[in-house]
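Reviewing the structure listed below.
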Amino acid sequence: MKKTMKSLIKKVFNDLNWPTLERTSELPVIRVITDVRNRSHLILMPEKQHNKSNDLDYLHELGHATLCEKVHPVFATNGQFAPLVNKRQFLPLLPSLNAASDWFVCHWQQEILPAEMHKQIKDNMPVVEEVLGMPNLPPLDIILDASLLIAQAVHYLDEPIDCDGVLKNIVDAFLTVPPERPSAENCIILVNRLMAAYTDQRARLIPDGNFSVWDVYQPPEDNDVTEATYSQQSIVS
616 MKKTMKSLIK KVFNDLNWPT LERTSELPVI RVITDVRNRS HLILMPEKQH
666 NKSNDLDYLH ELGHATLCEK VHPVFATNGQ FAPLVNKRQF LPLLPSLNAA
716 SDWFVCHWQQ EILPAEMHKQ IKDNMPVVEE VLGMPNLPPL DIILDASLLI
766 AQAVHYLDEP IDCDGVLKNI VDAFLTVPPE RPSAENCIIL VNRLMAAYTD
816 QRARLIPDGN FSVWDVYQPP EDNDVTEATY SQQSIVS
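Take the sequence shown: its position 158, counted from the start at 1, is 773 in this note's numbering, and no numbers get skipped.
The structure is reproduced here in C-alpha cells:
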C-alpha cells in the first residue's frame with residue numbers, strides 16, 4: 616500500500632501542467648503554494664526529521680493544485696487577493712474559504728482512495744467527540760474542522776452525529792453543497808453559507824485584470840433578503 620500511495624503521489628504530481636519548484640521549508644508540514652498569475656506551484660517541503668505530514672496530507676496539497684489548474688484557482692491553498700490590499704479585511708473569509716475548498720479537495724481524494732479516506736474520517740472521530748463534549752465553543756478553526764468531519768461522516772459513511780447550535784448550522788451548510796461538483800460558483804456559495812454562521816459579512820469574486828480576486832463586503836441591512844439570496848442560490852451541476 617505504501618508503494619501504491621507513493622506511486623499515486625508521483626502520478627498526481629506528474630499530471631500537473633504548471634511548472635513546479637520544490638524548496639526546503641522550516642514549516643513542520645508540507646504546503647503547496649500556487650502562483651496563479653505566473654501559473655506555477657511552489658512545494659514547501661520540511662526537513663525529513665521535522666516533517667509531520669503523511670502521504671495523505673501531501674496528496675491533499677497536490678489535490679488543491681490539481682483543482683486549481685483543472686477547475687478554478689479558487690481551490691489553491693493560498694487565497695487570491697488583489698495586490699497591495701490590506702489583507703486584514705479578509706480575516707472573516709479565510710476560515711470559511713479553507714474549509715470550503717477542503718470539502719471539495721477531500722472528495723477528490725475520496726474518489727481515488729476511498730478506503731484510506733474513510734479510515735481517516737473514522738480515525739478523527741475522537742476529535743469530534745472532544746469538541747462535542749466541550750462546555751464552551753472552541754475557536755472558529757476547530758469548529759469548522761469538527762463540522763467538516765461530521766459532514767464527511769454523514770456524506771460518506773452514512774453515520775449521522777447529533778450536534779446542535781452553530782455546529783449543526785455549519786454541518787448543514789456543508790451538506791447543502793455536493794462535494795463532487797467542484798466549481799468556483801459552488802465554492803462561493805459554500806463559503807458564504809459557512810460565513811453566515813459567524814459573521815454578517817459576505818464574500819465574492821471580482822475581476823482584477825485577467826484574474827479573479829476575493830472581495831469581502833457588507834450586504835444590505837435587510838437580513839431576510841440577504842439570507843434568502845444565499846440560501847436560494849442554485850448549485851452548479
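Glycine included, C-beta positions come from ideal geometry on N, C-alpha and C. Keep in mind it's a predicted model, so treat the numbers as computed, not measured.
- About 7 Å separates the CB atoms of threonine 681 and leucine 631; that is less than 8 Å, so the two are in contact.
- Around the CB of methionine 810, 16 or more other CB atoms lie within 10 Å, so the residue is classed as buried.
- Listed in chain order, the non-local C-beta contacts of leucine 636 below 6 Å within the same chain comprise Leu657, local neighbours out to five positions each way being set aside.
- A contact between stretches requires three or more CB pairs, one per stretch, nearer than 8 Å, and the region 745-763 fails this requirement with the region 790-806.
- Distance from the CA of asparagine 669 to the CA of isoleucine 645, rounded to the nearest whole angstrom, comes to 9 Å.
- When the five nearest sequence neighbours on each side are left out, the beta carbons in the same chain lying within less than 8 Å of the beta carbon of leucine 677 are those of Ile624, Val627, Phe628, Leu631, Val647, in order along the chain.
- Nearest C-alpha to threonine 639 among Pro753, Arg796, Leu747, Lys663: Lys663.
- When the alpha-carbon of glutamine 816 is set against those of Ala715, Val806, Asp779, Trp723, the nearest one is in Val806.
- Of the candidates Asn701, Val651, Val720, the residue whose Cα lies closest to the Cα of leucine 671 is Val720.
- For tryptophan 718, the enclosing alpha helix (DSSP H) has its first and last residue at 709-727.
- C-alpha of valine 828 to C-alpha of asparagine 701: approximately 13 Å in a straight line.
- In this chain, the alpha helix (DSSP H) harbouring isoleucine 785 covers 780-790.
- Arginine 808 sits buried, since 16 or more C-beta atoms from the chains shown fall within 10 Å of its C-beta.
- In the three-state scheme derived from DSSP, where H, G and I count as helix and E and B as strand, valine 828 is classed as strand.
- If you look at serine 762, you'll find it in the alpha helix (DSSP H) that goes 755-772.
- With contacts defined by Cβ atoms closer than 9 Å, isoleucine 765 and valine 743 form a contacting pair.
- Excluding the 5 residues flanking it on each side, alanine 697 has same chain C-beta neighbours closer than 7 Å at Asp823, Val828, in chain order.
- Taking C-beta atoms under 8 Å as the contact rule, alanine 818 and valine 831 qualify, at a distance of about 5 Å.
- A distance below 7 Å between beta-carbons, with the five flanking residues on each side excluded, links leucine 642 to the following residues of its chain, in chain order: Leu659, Pro661.
- Shortest Cα-Cα distance from arginine 652 to any of Thr791, Tyr673, Cys683 involves Cys683.
- Arginine 808: member of the alpha helix (DSSP H) spanning 799-810, first to last residue.
- Bounds of the alpha helix (DSSP H) holding glutamate 744 are 740-747.
- Shown here for aspartate 717: same chain residues with a beta carbon closer than 7 Å to its own, the five before and five after excluded, namely Leu763 in chain order.
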